[in-house]
Amino acid sequence: MKRIAIMLACLLVISLLAGPASAAIKGVRLYRAGTSDGQSMRFRVVRDERGRRLGGVIFGQDFQLPCDDGTTVSLSRGFRSPQWFFEGRTVTVDYWYEQDIIAMHIVGTFGPATASGTFRYTEALLNEDETTRLCSTGDLTWTAERIYPTPGTST
Amino acid sequence: MKRIAIVLAGLLVIPLLAGPASAADKASRHYRAETSDGQTLRFGTVRDEDGRRRLNSVFFGEGFQLPCDDGTTLPYNGAGFSVWPWYFEGRTVTVEEWQEQSNFALHLVGTFRPATASGTFRYTVVFLNEDETARRCSTGDLTWTAKRLYWTPPTPR
Chain D
-13 MKRIAIMLAC
-3 LLVISLLAGP
7 ASAAIKGVRL
17 YRAGTSDGQS
27 MRFRVVRDER
37 GRRLGGVIFG
47 QDFQLPCDDG
57 TTVSLSRGFR
67 SPQWFFEGRT
77 VTVDYWYEQD
87 IIAMHIVGTF
97 GPATASGTFR
107 YTEALLNEDE
117 TTRLCSTGDL
127 TWTAERIYPT
137 PGTST
Chain F
108 MKRIAIVLAG
118 LLVIPLLAGP
128 ASAADKASRH
138 YRAETSDGQT
148 LRFGTVRDED
158 GRRRLNSVFF
168 GEGFQLPCDD
178 GTTLPYNGAG
188 FSVWPWYFEG
198 RTVTVEEWQE
208 QSNFALHLVG
218 TFRPATASGT
228 FRYTVVFLNE
238 DETARRCSTG
248 DLTWTAKRLY
258 WTPPTPR
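Heads up: the sequence lines are chains D and F, in that order.
All residue numbers for the first sequence refer to my numbering, where the first residue is -13 and numbers rise by one.
All residue numbers for the second sequence refer to my numbering, where the first residue is 108 and numbers rise by one.
Here is the structure:
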């Protein structure tokens, strides 16, 4: 019975996503950004009862973070927060994460169809020989266009 | 995500460390270690249902100070590890915990007997300073000797 219920639920979700309503999920806007070093990111802007906020930042596929030893590390992660609220059209994020090993700074101005801003992400790592490695995007700029979710798009 | 495992003990309330004696309590042992730099560590061992003994917890003791390469020290009281698959071979457990893209390394060798234990220990971690430079803090290579506690210690705070 449980399997059937899950299948029906899946079909319902798929049909909802496939219909005209899939053009936009109410209260959520997605933007695809290109950074000044040629990489990509996505931003998720949410409007709910508490106001308008940047709900999430997702690094693009194969986002590479340059390190101070000349290597790069892949970033496949994203960040979500319920607290990155806009002031007008602008959101400012100064985020320290995981016991102060990650710092992320975002300033973004988001319009209905486009957005732009600055970005810096820094992470401290320990090499196998227990020396430190500092990896950072440096100060980047970015421009973004709004994208519209299609079935299967993560929002 | 193993980084998350380095947590303040307050966030890691281990049922084994509290409450009335149970089968699990009987299978667990707690040791208080003194390190060669005069600080304390706490170890917990447990025997799993399959009969294998493992090092279940490693906590930095009260007032533990982690020396950093910029001359500062970092209070590390109550931080530690728990519920890792560090299994014994005989009476000895060896921990080599480091992963690519992580910020810490833990090296521990311990020989645990019914009433005492001894071994070596090194823990190194890197943090970001506010100006986004890196700060490396490490115990350096320590030795330690430990005595078993015949009471259940409270979870470090």
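Yeah, the Cβ is synthetic: ideal placement off N, Cα and C, and Gly gets one too.
Residue contact with chain F for D/GLU131: absent (no Cβ-Cβ distance below 8 Å to any residue of chain F). Considering only F/ASN210, F/SER209, F/GLU203 and F/ARG136, the residue with the shortest C-alpha distance to F/ASP155 is F/ARG136.
If you ignore the 5 residues before and after F/TRP193, its C-beta comes within less than 6 Å of the C-beta of ARG161, LEU162, VAL200 and VAL202, all in its own chain and listed in chain order.
DSSP places F/GLY178 outside any beta strand (DSSP E), giving it a letter other than H or E. Counting only unbroken stretches of 4 or more residues, no alpha helix (DSSP H) element lies wholly within the region 28 to 96 of chain D. Scanning chain D for C-beta atoms nearer than 8 Å to the C-beta of F/PHE234 yields GLN85, ASP86, ILE87 and ALA110, reported in chain order. Membership of F/PRO174 in the beta strand (DSSP E) is indicated by the continuous run 172 to 174. DSSP places F/ASN163 inside the beta strand (DSSP E), whose first and last residues are 160 to 167.
Contact between D/THR127 and D/THR108 is absent: CB atoms are separated by about 17 Å, not below the 8 Å threshold.
Residues of chain D whose Cβ lies closer than 8 Å to the Cβ of F/SER209 are, in chain order, LEU111 and LEU112. Approximately 4 Å separates the beta-carbon atoms of F/ALA253 and F/TYR138; this is inside 8 Å, confirming the contact. Close CB contacts of F/ASP176 within its chain, under the 8 Å cut and outside five residues either way in sequence, are with ARG242, ARG243, CYS244 and SER245 (chain order). In the three-state DSSP reduction, F/TRP191 falls in the strand class (E or B).
Per the C-alpha coordinates, the member of F/THR250, F/LEU235 and F/GLU239 positioned closest to F/ARG229 is F/THR250. Non-local beta-carbon contacts of D/GLY37 in its own chain, meaning distances under 6 Å to residues more than five positions away in sequence, involve PHE71 in chain order. The beta-carbon separation of F/ALA212 and D/LEU112, rounded to 6 Å, stays under the 8 Å limit for a contact. In the DSSP secondary-structure assignment, F/GLU203 is bridged to F/HIS214. In the three-state scheme derived from DSSP, where H, G and I count as helix and E and B as strand, F/SER245 is classed as strand.
Taking C-beta separations shorter than 7 Å and ignoring five residues to either side along the sequence, the partners of D/GLY20 in its chain run SER26, TRP128 and THR129, following chain order. Boundaries of the beta strand (DSSP E) around D/GLY103: 100 to 112. Interface flag for F/TRP205 against chain D is set, since a Cβ pair is found closer than 8 Å. In the pairwise beta carbon analysis, the region 55 to 62 of chain D is classified as not touching the region 77 to 96 of chain D: fewer than three pairs are separated by under 8 Å. The beta-carbon distance between D/ARG39 and D/VAL14, rounded to whole angstroms, is 11 Å. This is too long to meet the 8 Å contact definition. Within chain F, no residue has its CB atom less than 7 Å from the CB of D/VAL77, the nearest being about 21 Å off.
Judged by DSSP secondary structure, D/TRP128 falls within the beta strand (DSSP E) whose first and last residues are 126 to 133.
Neighbours of F/THR231 across chain D, judged by C-beta separation under 8 Å: LEU112 and GLU116.
Taking C-beta separations shorter than 8 Å and ignoring five residues to either side along the sequence, the partners of F/THR142 in its chain run LEU148, PHE228, THR246, LEU249, THR250 and TRP251, following chain order. The beta carbons of D/ASP54 and D/LEU120 sit about 5 Å from each other, so the pair counts as a contact at 8 Å. Inclusion of F/ARG198 and F/PHE166 in the CB contact set at 8 Å is not warranted, their separation being larger than that value. The C-alpha of D/SER122 is placed about 11 Å away from the C-alpha of F/LEU235. In this chain, the beta strand (DSSP E) harbouring F/GLY226 covers 223 to 235.
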